[in-house]
Structure formats: C-alpha cells, structure tokens
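Data first, discussion second: the structure below is written as structure tokens.
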Amino acid sequence: MKITVVGTGYVGLVTGTCFAETGNDVICVDIDQSKVDRLSNGEITIYEPGLEKLFLRNLKEGRLSFTTSLADGIRDAAVIFLALPTPPGEDGSADLKYVLGVAEDIGKLLTDYKVLVDKSTVPVGTADKVKEAVRKNYAGEFDVVSNPEFLREGVAVDDFMKPDRVVIGASSERARKLMGDLYAPFVRSGNPIIYMDERSAELTKYAANSFLATKISFMNEIAQLCERMGADVDMVRLGIGSDDRIGKRFLFPGIGYGGSCFPKDVQALVHSASQVNYDFKILNAVMSVNEKQKVHLVPKIRNYFGGDLKGKHFALWGLAFKPNTDDIREAPALYIIDALLAEGATVTAFDPEAMRNVKQVLGDKIAYAQNQYDALDQADALVIATEWNEFRTPDFLKMVTRMKRKAIFDGRNLFDIKAISELGFHYESIGRAIVNSEVK
Ligand SMILES: NC(=O)c1ccc[n+]([C@@H]2O[C@H](COP(=O)([O-])OP(=O)(O)OC[C@H]3O[C@@H](n4cnc5c(N)ncnc54)[C@H](O)[C@@H]3O)[C@@H](O)[C@H]2O)c1
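In structure tokens, the structure reads:
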C-alpha cells in the first residue's frame with residue numbers, strides 16, 4: 040500500500056519505518072528541511088533502540104523516502120497519517136493548529152478518495168474538525184480515522200511491530216477495511232484490532248495515559264507515606280503487585296512522570312472535561328502530586344547540607360525523561376537542575392543519549408561529562424534522575440575516589456539499601472529508609 044506520514048518526530052518516524060518494514064511504500068513529509076535532508080541522507084534524527092537498522096534497510100530498498108512537499112508526499116497515497124505535534128496551549132488544551140492546518144492543506148491537494156488518519160493524540164471531536172478542515176477546499180470523497188498511537192519511547196519499535204492492541208476509530212466500512220489490511224501484519228499473534236467510533240478512540244488514548252499517570256502518582260504518594268511511616272515502598276510494591284487485579288507493572292515510585300505525553304495529555308483531558316462542565320478531581324490531584332514529586336529530592340538534599348547549597352557541586356546521572364531515549368521534554372532532571380542552580384549550586388551532568396538535546400536548552404549553565412565517572416569529580420553528592428541500565432551496577436570504589444563526599448540522592452531507587460549501607464554512602468532514595476544518615 041502507498042502511505043504518507045506527515046510529521047517525522049518520535050511517532051512519525053517509527054510509524055513510517057515500521058509500515059515500510061511490512062512492505063508498504065512510505066513517504067514521510069516534514070516541514071523541517073534540515074530533518075528531511077538528514078533523514079534522506081541516511082542519518083537518523085532521534086535515538087530509539089532498533090530503529091536505525093530498520094530505517095537504513097527500508098531507505099536503501101526504496102520503500103521509505105522523505106520530502107518537505109506535502110503535494111509530492113500525498114499524490115499517490117491511499118492512507119495519510121498525521122503524526123503532528125499537539126502541544127499544550129496556555130489553558131492546558133491540546134493545540135490543534137498543526138493537525139488542522141495540515142488537514143486544510145491536504146483539502147487543497149486532494150483529487151480522489153483517501154483516508155486521513157489522526158495518529159496524533161487529539162481531543163474528542165477532532166476527527167470531525169479534521170473533516171471540516173478538509174471540506175473547506177475539497178468536496179469529493181474521503182474518510183477520517185482516529186488511530187491513536189500507544190508506543191513508548193525507548194521500546195517504540197517493538198511496541199509498533201507487536202502492539203498490545205490497535206485501536207481504530209472509524210465510521211466508514213471502506214476506511215475500516217483499509218486500516219485492517221494495513222495493520223494485519225502487526226496482529227498475527229492474536230493481539231486485537233479494536234474497532235470503534237472516532238470519539239471513543241480519541242478518548243481511549245487520553246484515558247490510557249491518564250490512568251498510567253494516576254498509577255505513578257498513586258505510588259509516589261504511597262512512597263511519601265513510607266518515608267514518614269518507616270515502611271519500604273519496594274516491599275509494598277511487591278506486596279500489591281502480585282495481586283493480578285493491580286499488576287506488577289508501572290508501580291515503581293520515583294521523581295514523577297515526564298516526557299512529551301503524560302503531562303500534556305493529563306492536562307488536556309482535565310481541560311476537555313471542564314469544557315463539558317465536569318471537574319475531573321482525580322486527575323487534578325495526579326497533576327499536583329506530580330508537580331511536587333519532580334523536585335522531591337531537592338529538600339532532602341538541602342536538608343543534608345544544613346539548608347545551604349551555595350557553592351556545592353553536584354554530579355547528575357540521567358537527563359532524559361526515562362531511559363533508552365534522548366527525549367528531554369518535561370524531564371524531571373531539568374526541574375532538579377533549575378532548583379539546584381537557583382540555590383547557588385553547580386552541576387556536572389552525564390546522560391548516554393540526551394546531552395545534545397540538553398545543551399540546546401541549558402547551554403553552559405551546567406557542565407557535561409564524557410562518562411558517568413567523570414561527572415563525579417569533586418562532587419559533594421551524586422543525584423540520579425534517570426534509570427539507565429548502566430547506572431545500576433556502577434564501580435562504587437571508583438566512585439568513592441572521584442567524589443568529594445560519599446552522598447547519593449537517588450530518584451529511581453537503583454541501589455540495594457543494604458549493599459550501599461555497607462559501602463558507607465549517605466543514601467537517600469524514594470519511599471525507603473535513609474542510609475547512613477549521620478555521614479556528611
Ligand atoms: N512521543 C511519544 O511517545 C508519543 C506516543 C504516542 C502518541 N504521541 C502523540 O503523537 C503526536 C506526535 O508526537 P511526537 O512525539 O512524534 O512529536 P515530535 O515533536 O517528535 O514530532 C512532530 C514532527 O512534526 C513536524 N511538523 C510540525 N508541523 C508540521 C507540518 N505543518 N507539516 C509537516 N510536519 C510538521 C515537526 O517538524 C516534527 O518533526 C503528538 O500528538 C503526541 O502526543 C506521542
């Protein structure tokens with residue numbers, strides 16, 4: 040099938056590449072000329088495990104190409120995916136200007152039946168708005184489908200190739216059939232394609248992300264209780280997770296959720312609810328818990344240093360909002376850096392993939408290290424913000440030789456309390472006992 044994907048970010052590039060991988064001819068359209076040039080020249084623009092190999096193979100075999108021209112991109116396409124940004128507007132609502140702008144442009148170019156697919160995360164009613172936008176300039180036949188994307192950055196290729204489910208919101212039989220054919224190679228093991236109306240599909244995506252964000256904030260509140268009551272959140276997590284009504288996954292406490300999806304999607308659902316005079320109380324609480332949790336380590340650090348961080352130097356491991364990605368949108372690390380700098384401290388950071396993106400935002404406000412150990416030189420303490428695997432079993436003896444003080448503030452509970460206690464580190468994590476509280 041001939042397919043167009045408009046927008047070649049985290050979702051668009053994975054979508055385009057994976058559809059090419061199953062034999063489709065895919066043209067990806069982006070307004071960013073430099074991105075299109077780099078991609079056309081075989082240079083991948085995001086870090087996503089496993090993507091580069093598929094991207095290069097499909098580019099080489101001619102099934103995947105890139106252009107800035109929407110007209111060239113959609114000319115022969117049967118299906119056009121919109122994988123465009125839907126950032127939060129000032130009132131928290133999802134800003135639809137990219138999606139509706141491109142839909143209007145597509146309306147000017149259509150000459151025959153095509154299916155437009157909303158892959159972006161969009162509020163309920165957007166499929167109708169996309170239809171209206173196209174109809175401004177085109178009176179012929181077309182369909183609009185809502186096909187929300189559930190991939191997770193860091194495991195996006197696997198998620199796309201082997202989705203738990205595919206949700207297709209479409210009222211037209213013709214569009215359903217096309218979408219079913221397109222997704223058939225991805226659901227061979229029996230994972231379902233769930234067909235529904237467009238509005239339900241649109242709400243499904245927000246409901247999924249908001250539920251997951253709720254699970255995280257819930258565990259973060261349990262962790263707060265553990266810290267105050269002398270319980271260990273890891274034990275509580277195991278204790279509740281073995282109940283299969285609750286499930287083991289997504290129960291890890293930490294320094295809050297970040298990324299380009301959860302924060303904006305929760306906010307957008309609260310806003311959508313308010314539009315229909317509904318006060319979504321749980322999600323308001325989820326957001327306020329998360330705001331505090333992002334900087335939960337900061338008072339712990341301040342307290343350890345007797346209330347004054349001026350002149351203190353911190354090593355920071357992890358900048359990405361989660362491991363296995365270079366995405367730093369709404370990353371808790373950035374909030375911690377802001378707070379430390381505001382109190383007169385300095386920071387040297389290391390992240391395996393995200394430093395390039397952070398340099399673009401923070402420049403030389405912080406220093407960047409070549410590796411995790413170099414970041415520790417002369418550090419009064421180490422702060423851990425992202426659970427990259429390579430941080431899990433570091434050489435502690437090497438760490439001791441590089442650091443000024445043996446102190447670790449771990450936002451991701453990477454280390455075993457007993458082991459770290461024997462090594463003599465002052466160690467504070469989330470929802471667990473403080474180790475060696477007297478060491479300074
Ligand atoms: N990132 C994720 O993990 C994820 C997962 C599921 C759903 N989503 C949703 O998918 C959508 C896209 O997210 P993303 O993370 O891929 O965004 P992104 O910012 O990484 O990529 C968007 C791309 O669209 C391009 N673009 C902007 N305006 C354009 C235009 N007029 N024409 C052509 N290209 C244009 C940008 O240059 C950019 O390359 C959002 O709605 C997001 O909520 C994201």
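Take 40 as the starting number for the sequence shown in the working numbering and just add one per residue.
Where a beta carbon is used, it is the ideal one built from N, C-alpha and C, also for glycine.
Q. Is the closest heavy atom of ligand 1 to the C-beta of residue 124 under 6 Å?
A. yes
Q) Just to confirm, does residue 49 get its C-beta within under 6 Å of one of the non-hydrogen atoms of ligand 1? A) yes
Q. What number of angstroms, rounded off, separates the C-alpha of residue 234 from the C-alpha of residue 387?
A. Separation of residue 234 and residue 387 (C-alpha to C-alpha, rounded to the nearest whole angstrom) is 49 Å.
Q.
Given this structure, state the Cα-to-Cα distance separating residue 176 from residue 146, to the nearest angstrom.
A. 5 Å
Q) Taking all protein chains shown into account, do 16 or more other C-beta atoms lie within 10 angstroms of the C-beta of residue 277, making it buried, or fewer, making it exposed? A) Per the 10 Å Cβ criterion, exposed.
Q. If we call anything under 7 Å between Cβ atoms a contact, is residue 421 one with residue 447?
A. yes
Q. Is residue 226 closer than 7 Å to residue 89 when the C-beta atoms are compared?
A. no
Q) Based on the DSSP output, what are the partners of residue 467 in its beta bridges? A) 448
Q. How about residue 348 and residue 295: do their beta carbons lie closer than 7 Å?
A. no
**Q.** Cβ separation of residue 274 and residue 306, assumed to be a contact under 8 Å, to the nearest whole Å
**A.** Going by Cβ atoms, the distance from residue 274 to residue 306 rounds to 33 Å, so no, they are not a contact pair.
Q. If you measure from the CB of residue 245, is any heavy atom of ligand 1 nearer than 6 Å?
A. no
**Q.** Exposure of residue 59, with buried meaning 16 or more beta-carbon neighbours within 10 Å
**A.** buried
Q. So does residue 111 have its beta carbon nearer than 6 Å to some heavy atom of ligand 1?
A. no
Q) Between which two residues does the alpha helix (DSSP H) harbouring residue 279 extend? A) 272-280
Q | Rounded straight-line distance, which links the Cα of residue 127 to that of residue 314 | A | 15 Å
Q.
Give me the residue from 358, 369, 356 with the minimum Cα distance to residue 330.
A. It is 369.
Q.
Quick check on residue 249: buried or exposed, where buried means 16 or more other Cβ atoms within 10 Å of its Cβ?
A. buried
Q: List in chain order: all unbroken beta strand (DSSP E) runs of 3+ residues lying wholly within the segment 192-227.
A: 205-208
Q: Could you give the DSSP three-state label for residue 403: helix, strand or coil?
A: Residue 403 falls in the helix class under three-state DSSP.
Q) Can you tell me whether residue 425 is buried or exposed, with buried defined as 16 or more other CB within 10 angstroms of its CB? A) buried
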